[in-house]
Amino acid sequence: MLSIRTALIGATAVALSLFAVADAKKQKPPSTRMQDDLLEVLVYAAMSVIISEGLSWFFVYRTERFRAKINKINDLGEQLAEAKEKEALGVEAKKKGQSAAAIESDLKSEAQGLQMTKMIPTLLTAASMIMSFKIVGGSFDGKVVARIPFEPMLLAKGLAGRGLPGDAEPTDGGYAFVLVLVSTTLRTMVQRILDVNPTKSATVQQSPFGQLADANKKNN
Amino acid sequence: MGKSKATTRLRSPFAIVAKAGAGDKVTKTECEEVLFWVRMSLGILLGIVYGFIGVQGWIGVVSFLALGAVIPLPIVTNVLNVEEATMGGRNEIFKEGLFVAFFAFVGAWTVTNTWFSS
Numbered sequence: 001m002l003s004i005r006t007a008l009i010g011a012t013a014v015a016l017s018l019f020a021v022a023d024a025k026k027q028k029p030p031s032t033r034m035q036d037d038l039l040e041v042l043v044y045a046a047m048s049v050i051i052s053e054g055l056s057w058f059f060v061y062r063t064e065r066f067r068a069k070i071n072k073i074n075d076l077g078e079q080l081a082e083a084k085e086k087e088a089l090g091v092e093a094k095k096k097g098q099s100a101a102a103i104e105s106d107l108k109s110e111a112q113g114l115q116m117t118k119m120i121p122t123l124l125t126a127a128s129m130i131m132s133f134k135i136v137g138g139s140f141d142g143k144v145v146a147r148i149p150f151e152p153m154l155l156a157k158g159l160a161g162r163g164l165p166g167d168a169e170p171t172d173g174g175y176a177f178v179l180v181l182v183s184t185t186l187r188t189m190v191q192r193i194l195d196v197n198p199t200k201s202a203t204v205q206q207s208p209f210g211q212l213a214d215a216n217k218k219n220n
Numbered sequence: 001m002g003k004s005k006a007t008t009r010l011r012s013p014f015a016i017v018a019k020a021g022a023g024d025k026v027t028k029t030e031c032e033e034v035l036f037w038v039r040m041s042l043g044i045l046l047g048i049v050y051g052f053i054g055v056q057g058w059i060g061v062v063s064f065l066a067l068g069a070v071i072p073l074p075i076v077t078n079v080l081n082v083e084e085a086t087m088g089g090r091n092e093i094f095k096e097g098l099f100v101a102f103f104a105f106v107g108a109w110t111v112t113n114t115w116f117s118s
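Residue numbers (the working numbering), protein chains in the order written: chain G, 1 to 220; chain L, 1 to 118.
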């Protein structure tokens with residue numbers, strides 16, 4: 001059973017690794033080229049993903065318990081899709097537990113169990129993002145590290161200009177923009193390769209209003 | 001007890017394309033896997049090309065969204081031989097994996113544009 005102690009060890013390893021890299025960087029003379037700054041931010045982003053996903057794989061993703069849970073959820077997703085197809089054609093389920101509603105109920109409870117199992121990877125991801133922002137922000141706050149090829153709008157505008165002075169160009173990008181983009185992309189790809197998320201057919205849509213309605217039904 | 005469907009589904013896009021080429025039926029989940037990787041590769045490749053040739057402005061964003069939505073469709077219907085109805089319709093095929101690919105596209109475009117800017 002994975003414990004809080006394991007999560008703390010993992011988070012400490014993430015922090016120490018990133019601090020070690022930041023310390024090594026301090027020994028180099030400061031760079032003035034935007035391209036060199038961009039390269040450093042990219043390296044930090046890649047390292048934070050590799051470290052956090054690597055530790056998540058070591059502590060959680062490679063365990064038999066986790067793999068069995070993911071496989072069960074994916075199987076239930078396939079069964080649910082088949083059951084819904086049959087019900088749409090008017091074919092009734094032969095056994096009680098084979099109806100779409102019963103399978104969906106099983107799927108929801110398994111998905112909730114998976115969320116508990118993924119608590120440690122979630123904590124590691126959060127720790128790596130916080131540490132990355134702290135370390136990279138300390139070195140690159142106020143510096144333009146990227147030239148965005150279009151003028152960002154809405155939320156992207158705020159993210160792109162984070163940490164930059166007020167007179168920065170609209171197409172100037174700070175460290176936060178590059179860090180979020182690159183780490184999100186890399187993390188998605190790594191998680192896809194490691195197959196750590198349920199398939200789309202097994203992802204049960206749960207709205208907060210639906211959960212409230214379910215709770216009201218139980219109480220009445 | 002036989003292997004579950006979850007453990008027997010293919011995950012490599014190349015293996016899935018080979019499976020379709022051999023005449024076997026490709027499942028919806030396998031098709032989604034191919035769509036994800038095709039769109040992701042397209043996003044990164046287009047981002048690098050646009051940054052290299054100097055495409056600027058929202059025309060780049062709009063053109064990626066158009067190309068990214070449309071290009072994978074013939075791969076689904078002609079290469080994987082999956083019907084649109086199996087995937088939930090043409091709109092679902094257009095949308096599958098497009099959002100994440102867009103992040104990859106903007107990242108690759110920004111990095112390449114910065115690298116080749118003065």
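We put the CB at the ideal spot given by N, CA and C, even for glycine. Bear in mind the structure is a predicted one, so any value in this text is a computation, not a measurement.
Beta-carbon of residue i versus every beta-carbon of chain L: anything under 7 Å?
i                     : result
alanine 68 (chain G)  : no
proline 149 (chain G) : yes
lysine 143 (chain G)  : no
alanine 146 (chain G) : yes
lysine 200 (chain G)  : yes
Using a Cβ-Cβ cut-off of 6 Å (strictly less than) and excluding sequence neighbours within five positions of residue i, which residues of its own chain qualify?
i                       : result
valine 106 (chain L)    : none
methionine 40 (chain L) : Ala101 and Ala104
arginine 162 (chain G)  : Gly174 and Ala176
glutamate 53 (chain G)  : Val190
So, does the CB of residue i fall closer than 7 Å to a CB anywhere in chain G?
i                           : result
valine 61 (chain L)         : yes
asparagine 113 (chain L)    : yes
serine 117 (chain L)        : yes
phenylalanine 103 (chain L) : yes
valine 26 (chain L)         : no
valine 34 (chain L)         : no
glycine 107 (chain L)       : yes
threonine 86 (chain L)      : no
valine 82 (chain L)         : no
valine 38 (chain L)         : no
valine 100 (chain L)        : yes
Answer with buried or exposed for residue i, where buried requires no fewer than 16 other C-beta atoms within 10 angstroms of its C-beta.
i                           : result
asparagine 78 (chain L)     : exposed
phenylalanine 140 (chain G) : buried
alanine 66 (chain L)        : exposed
leucine 154 (chain G)       : exposed
serine 63 (chain L)         : exposed
tryptophan 58 (chain L)     : exposed
glycine 138 (chain G)       : exposed
methionine 119 (chain G)    : exposed
tryptophan 109 (chain L)    : buried
valine 222 (chain G)        : This structure gives no information on residue 222 (chain G), because the portion of chain G shown stretches from 1 to 220.
alanine 18 (chain L)        : exposed
isoleucine 193 (chain G)    : exposed
Leaving out five residues before and five after residue i in sequence, what residues of the same chain have Cβ atoms less than 8 Å from its Cβ?
i                     : result
valine 70 (chain L)   : Phe94
cysteine 31 (chain L) : Ile16, Val76, Leu80, Val82, Thr86 and Met87
lysine 69 (chain G)   : Glu110, Gly113, Leu114 and Thr117
With hydrogens ignored, establish whether the beta-carbon of residue i is closer than 6 Å to any heavy atom of the ligand HEM.
i                      : result
glutamate 32 (chain L) : Among the ligands in the structure shown, none appear at all, so the ligand HEM cannot be discussed.
Please list, in chain order, all residues of the same chain as residue i whose beta carbon is under 7 Å from its beta carbon, the five residues on each side excluded.
i                       : result
isoleucine 73 (chain G) : Leu107, Glu110, Ala111, Leu114, Pro198 and Ala202
Exercise for the section: Taking only beta carbons into account, state which residues of the segment 175–190 of chain G come closer than 8 Å to chain L, listed in chain order. Expected result: Phe177, Val178, Leu181, Val182, Thr184, Thr185, Thr188 and Met189
Practice task
Could you please tell me which residues of the segment 46–76 of chain L, in chain order, have their CB closer than 8 Å to any CB of chain G?
Solution key: Tyr50, Gly51, Val55, Gln56, Gly57, Trp58, Gly60 and Val61
Exercise for the section: Report the residues of the segment 9–22 of chain L with a CB closer than 7 Å to any CB of chain G, ordered along the chain. Expected result: Arg11
Practice task
Report the residues of the segment 34–51 of chain G with a CB closer than 8 Å to any CB of chain L, ordered along the chain.
Solution key: Met34, Gln35, Leu38 and Leu42
Handout entry: Residues in the segment 97–126 of chain G having any Cβ partner in chain L nearer than 8 Å
Key = none
Exercise for the section: With a floor of 4 residues, list each alpha helix (DSSP H) that falls wholly inside the segment 131–189 of chain G, ordered by position along the chain. Expected result: 154–160
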